[in-house]
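Peer 1:
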Amino acid sequence: MELIRVYKALSNPTRVQILQWLKEPSKYFPEVYPDGVCVSDIQKKVQLSQSTVSQYLSTLQDVGLIESTRKGQWTYYKRNEVQIKEIKRCIMDHI
Numbered sequence: 001m002e003l004i005r006v007y008k009a010l011s012n013p014t015r016v017q018i019l020q021w022l023k024e025p026s027k028y029f030p031e032v033y034p035d036g037v038c039v040s041d042i043q044k045k046v047q048l049s050q051s052t053v054s055q056y057l058s059t060l061q062d063v064g065l066i067e068s069t070r071k072g073q074w075t076y077y078k079r080n081e082v083q084i085k086e087i088k089r090c091i092m093d094h095i
């Protein structure tokens, strides 16, 4: 695992905020689906452009912190708890 890439992904406060919201999605989003939170709901909450939000989500997904599911024209995101636990373990082992 490349921890530097994870650290870079977590170096942006908005990306960290998205992860925090996705930890308890029903608390922060109007609708939560079995596959996660719709990207449009995340964009509304973040109040940034669609392209910026997509880039942030892609960065989080590239390092395994979140997972996406595409259904028709909609994409849903949720935390990848298995990978988050592995990242925590790696940090504890390396620092």
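To convert, note that position 52 of the sequence shown is 52 in full-length UniProt numbering; the numbers rise steadily by one, no gaps.
All C-beta atoms in this analysis are idealised placements derived from N, C-alpha and C, irrespective of residue type, glycine included.
(1) Can you list, in chain order, the residues of its chain whose CB lies under 7 Å from that of residue 105, leaving out five sequence neighbours each side?
(2) Mark GLY36 as exposed unless 16 or more other C-beta atoms lie within 10 angstroms of its C-beta, in which case mark it buried.
(3) As a quick exercise: from ARG79, LEU10 and ARG15, pick the residue whose alpha carbon is nearest that of SER54.
(4) When you compare each of ILE42, LYS78 and LYS23 to THR69 by their alpha carbons, which one comes out closest?
(5) Go to GLU67, then tell me how far its beta strand (DSSP E) extends in each direction, as first and last residue.
(6) Let me check understanding here. Comparing Cα to Cα, which of GLY64, SER11, ILE95 and LYS88 lies closest to ASN80?
(7) Could you please give the first and the last residue of the uninterrupted beta strand (DSSP E) stretch that includes TYR76?
Peer 2: In this structure, then:
(1) Residue 105 is absent from the structure shown; the chain starts at 1 and stops at 95.
(2) So GLY36 ends up on the buried side.
(3) Ranking the options by Cα distance to SER54, first place goes to ARG15.
(4) Among ILE42, LYS78 and LYS23, the Cα nearest to that of THR69 belongs to LYS78.
(5) Where GLU67 is concerned, the enclosing beta strand (DSSP E) starts and stops at 66-71.
(6) Nearest option by C-alpha distance: GLY64.
(7) Per DSSP, TYR76 is one residue of the beta strand (DSSP E) stretching across 74-79.
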